[in-house]
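Below you'll find the structure, written out as structure tokens, and then a few comments.
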Amino acid sequence: ADAATERASELRRTTLSQLDTVLTELQRAASEGGLPADERARELLTEARELRDDVDSRLREATERESDAEPVSSDRTPADGAVTIDIEDGPLGDGDAIASDDEPDTAVDVDAELETLRDQYGEDGDDSSENDDDGSDVDGSDAGAGGTENGSDGSDEN
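In terms of my numbering, the sequence shown opens at residue 4 and continues consecutively.
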């Protein structure tokens, strides 16, 4: 926990250092003539510095809140914040009744799903001749089937 606080503080310091560097470079560019040195540029730089200070204060507050909250949370044992659920409450067998009620519904769903698949793709097995007419061309030839009527591709690979 102390490592997280230290990491947050280091990140804050690094971020603010980078912001300071960028703002210094912008101010130098504006004063050396790299940027127009008009009133608007000065206002923007002033506003940027105020924003930088705001970022610094917010990051510092967040780090302090985190470090202040740590002792309270570190004094607690893991069981203090744990939620316990008494699994012995309720009548015995509720879980079994629910599981047995689901089984017939699941079987019905599987059967309905299988029927849908059979309707969509046809059954595998010996009755595949019923579906052969569906896949043939209009003229009755099976030119797109890629084989002969007996299911072979016409080659003698045996």
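Even for Gly, the Cβ is constructed at its ideal location relative to N, Cα and C.
Please read these numbers as outputs of a predicted model, since none were measured by experiment.
Next on the checklist: Starting from D5, trace the alpha helix (DSSP H) in both directions and tell me its first and last residue.
Outcome noted: 5-35
Next on the checklist: Measuring straight from C-alpha to C-alpha, what distance separates T24 and S12?
Outcome noted: 18 Å
Checklist entry - Mapping DSSP to helix, strand and coil, what is D41? => result Coil at D41, not helix or strand.
Checklist entry - Residues in its own chain within less than 7 Å of D59 by CB, not counting five upstream and five downstream? => result L19
Item to check | From R121, V113, E69, residue whose alpha carbon lies closest to that of E9 | outcome: E69
Checklist entry - Between Q21 and R15, what straight-line distance do the alpha-carbon atoms span, to the nearest angstrom? => result Each residue's Cα considered, the two are about 10 Å apart.
Item to check | Rounded C-alpha distance that separates D105 from T119 | outcome: Since pLDDT at D105 reaches only 49, below the 50 mark, its modelled position is unreliable, and the value read off the structure follows with that caveat. If you take the alpha carbons of D105 and T119, they lie about 21 Å apart.
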